[in-house]
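Undergrad: Structure provided below as structure tokens; questions to follow.
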Amino acid sequence: MSDALADKRTASRFRILAEIADRQPAVSQGEIADAVGVTSQAVSEYIRELVDDGLVEKEGRSRYRVTKEGVDWLFREAKSLRRYVDHVTDDVLESLQEDAAIAVGDVEAGDTVSLSLRNGLLHATPGEQGAATGVATTDAEAGTDVGVTGFEGVIDMAPGTVTVYQIPPVRAGGSRDIDDAALAAACESADLVLASGVEAVVALRGIDYPPAVSAAAGEVAAAAAGRGQEVVVAVTRDEVGRVTDALRDGDTEYVVEGS
Numbered sequence: 001m002s003d004a005l006a007d008k009r010t011a012s013r014f015r016i017l018a019e020i021a022d023r024q025p026a027v028s029q030g031e032i033a034d035a036v037g038v039t040s041q042a043v044s045e046y047i048r049e050l051v052d053d054g055l056v057e058k059e060g061r062s063r064y065r066v067t068k069e070g071v072d073w074l075f076r077e078a079k080s081l082r083r084y085v086d087h088v089t090d091d092v093l094e095s096l097q098e099d100a101a102i103a104v105g106d107v108e109a110g111d112t113v114s115l116s117l118r119n120g121l122l123h124a125t126p127g128e129q130g131a132a133t134g135v136a137t138t139d140a141e142a143g144t145d146v147g148v149t150g151f152e153g154v155i156d157m158a159p160g161t162v163t164v165y166q167i168p169p170v171r172a173g174g175s176r177d178i179d180d181a182a183l184a185a186a187c188e189s190a191d192l193v194l195a196s197g198v199e200a201v202v203a204l205r206g207i208d209y210p211p212a213v214s215a216a217a218g219e220v221a222a223a224a225a226g227r228g229q230e231v232v233v234a235v236t237r238d239e240v241g242r243v244t245d246a247l248r249d250g251d252t253e254y255v256v257e258g259s
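Each residue of the sequence shown is one higher than the one before, starting from 1 at the first, in the UniProt record's numbering.
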């Protein structure tokens with residue numbers, strides 16, 4: 001464990017040295033005191049110790065600079081803190097996290113279940129034959145929701161892709177000027193159909209594929225594709241950039257089709 005977590009004094013020393021590094025060379029002890037939550041007198045004492053230990057050098061009145069030795073100490077402590085935080089995040093909290101899944105069969109609390117993603121939803125199958133497993137925290141009948149924790153392994157899942165299908169704006173024909181058959185074929189093989197823009201909503205309704213969502217379609221598509229779903233987003237041409245920006249932000253694979 002990092003020395004900075006061992007006791008309050010070492011933690012304050014770490015924070016004050018980091019504040020000096022951030023503010024150098026002009027250092028306001030009052031500002032550091034406010035940031036760290038100690039008195040200005042305490043900051044003055046800490047800085048005197050840091051200078052004596054060779055971690056800080058004084059260049060003049062209220063002017064200090066962290067030495068190479070001080071930087072090395074900060075690096076060591078910061079890396080140690082990062083390792084500890086990663087352990088807490090990845091090992092401790094991850095195992096305590098509880099998610100909801102759909103029970104594939106009847107499950108009792110304490111049972112080991114195999115986890116899989118189907119249509120973007122987490123499913124729990126009784127037994128431990130899967131690559132990813134967890135422990136049920138509730139009783140559940142098949143088809144109902146069950147709490148799962150104690151996750152181990154990796155869920156086998158390939159990310160989905162998004163087809164962005166452009167619809168002309170109303171001034172250029174709107175939903176009346178599309179290839180209905182091509183749009184219907186794209187939607188037929190999709191797990192999720194979304195829309196962005198009035199013309200896009202009308203076009204999808206016209207081919208009997210009403211959209212599941214007609215707001216924030218890019219963000220929803222990126223999230224769904226990240227869970228392995230194949231998505232079609234019909235989008236009015238004027239709004240294509242807004243959708244593709246969200247997909248790029250989500251590092252989502254997509255293609256643009258239509259007029």
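Backbone N, C-alpha and C define an ideal beta-carbon position, used for all residues, glycine too.
Here the structure is a predicted model, which is why all the values come from computation and not from measurement.
1) Check whether the stretch 138-153 and the stretch 220-240 touch, using three or more Cβ-Cβ pairs below 8 Å as the test.
2) Tell me the residue span of the beta strand (DSSP E) that contains S196.
3) Between which two residues does the alpha helix (DSSP H) holding V43 run?
4) Flag this pair as touching only if the stretch 162-175 and the stretch 129-142 have three or more C-beta atom pairs under 8 Å; answer yes or no.
5) Please list, in chain order, all residues of the same chain as A109 whose beta carbon is under 7 Å from its beta carbon, the five residues on each side excluded.
6) So the candidates are S196, D191, P159 and V202; which of them puts its Cα closest to the Cα of D177?
7) When we look at the beta-carbon of E188 and count the other beta-carbons within 10 Å, is it buried (16 or more) or exposed?
8) Let me know if S44 comes out buried or exposed under the rule of 16 or more other beta-carbons within 10 Å of its beta-carbon.
9) Give the range of the alpha helix (DSSP H) segment to which S80 is assigned.
10) Rounded to a whole number of angstroms, what is the C-alpha to C-alpha distance between T10 and V154?
11) Could you pull the DSSP bridge partners for E57 from this structure?
12) Of the residues Q97, L121 and V146, which one's Cα is nearest the Cα of G105?
13) Can you tell me whether DSSP reads Q24 as helix, strand or coil?
14) Classify G134 as helix, strand or coil using the three-state DSSP reduction.
15) With a threshold of 7 Å on Cβ separation, who are the neighbours of A246 within its own chain once the five nearest residues in sequence on each side are excluded?
16) Using DSSP bridges, identify the partner residues of E257.
17) Going along the chain, which unbroken runs of the beta strand (DSSP E) with 3 or more residues stay wholly within the stretch 172-228?
18) Between T244 and G226, is the Cβ-Cβ spacing less than 8 Å?
19) Pick out whichever of G134, D53 and S196 has its Cα sitting closest to the Cα of V107.
20) Give the secondary structure of E152 by DSSP, where H, G and I count as helix, E and B as strand, and everything else as coil.
21) Kindly indicate which three-state DSSP category V107 falls into: helix, strand or coil?
22) Using a Cβ-Cβ cutoff of less than 8 Å, which residues in the same chain neighbour V36 once the five nearest sequence positions on both sides are dropped?
23) How is the alpha helix (DSSP H) around T244 delimited, first residue to last?
24) With 16 other CB atoms within 10 Å as the buried threshold, where does T111 fall?
25) Please work out which residues of its chain come closer than 7 Å, Cβ to Cβ, to L93, disregarding the five sequence neighbours upstream and downstream, and give them in chain order.
26) Check this for me: beta carbons of residue 262 and K58, under 8 Å apart or not?
TA: Short version:
1) In this structure the stretch 138-153 does not touch the stretch 220-240; the number of beta carbon pairs closer than 8 Å is below three.
2) L192 to S196 is the extent of the beta strand (DSSP E) around S196.
3) Counting along the chain, the alpha helix (DSSP H) containing V43 begins and ends at S40 to D52.
4) Between the stretch 162-175 and the stretch 129-142, the count of C-beta pairs closer than 8 Å stays below three; the two stretches do not touch.
5) Excluding five sequence positions before and after A109, the CB atoms of its chain that fall closer than 7 Å to its own CB belong to A136, T137, T138 and D139, given in chain order.
6) Nearest to D177 by alpha-carbon distance, out of S196, D191, P159 and V202, is V202.
7) Label assigned to E188: exposed.
8) Counting every other CB atom within 10 Å of its CB across the protein chains shown gives S44 a total below 16, marking it as exposed.
9) Element bounds for S80: K68 to D86.
10) Between the C-alpha atoms of T10 and V154 there is a straight-line separation of about 39 Å.
11) For E57, the beta-bridge partners assigned by DSSP are R65.
12) When only C-alpha atoms are compared, the closest one is V146.
13) Q24 falls in the coil class under three-state DSSP.
14) Annotated three-state conformation of G134 is strand, per DSSP.
15) Short of 7 Å from the beta carbon of A246, and not among the five residues preceding or following it, lie these beta carbons of its own chain, in chain order: G218, E219 and A222.
16) According to DSSP, E257 bridges with Y165.
17) Within the stretch 172-228, the runs of beta strand (DSSP E) at least 3 residues long that lie entirely inside it are, in chain order, 192-196.
18) In this structure, G226 does not lie closer than 8 Å to T244 by Cβ.
19) Nearest to V107 by C-alpha distance, out of G134, D53 and S196, is G134.
20) Of the three classes helix, strand and coil, the one that applies to E152 here is strand, per DSSP.
21) Strand.
22) Here the set comprises S12, R15, I16, E19 and V43.
23) Note, T244: alpha helix (DSSP H), V240 to D249.
24) Before going further, note that residue 111 is Asp rather than Thr in the sequence given. Under this definition D111 is a buried residue.
25) Because L93 carries a pLDDT of 49, less than 50, the predicted location of this residue cannot be relied on, and the following value inherits that uncertainty. For L93, there are no CB contacts under 7 Å within the same chain when 5 residues up- and downstream are skipped.
26) A query on residue 262 cannot be resolved here, the shown segment of the chain reaching from 1 to 259 and no further.
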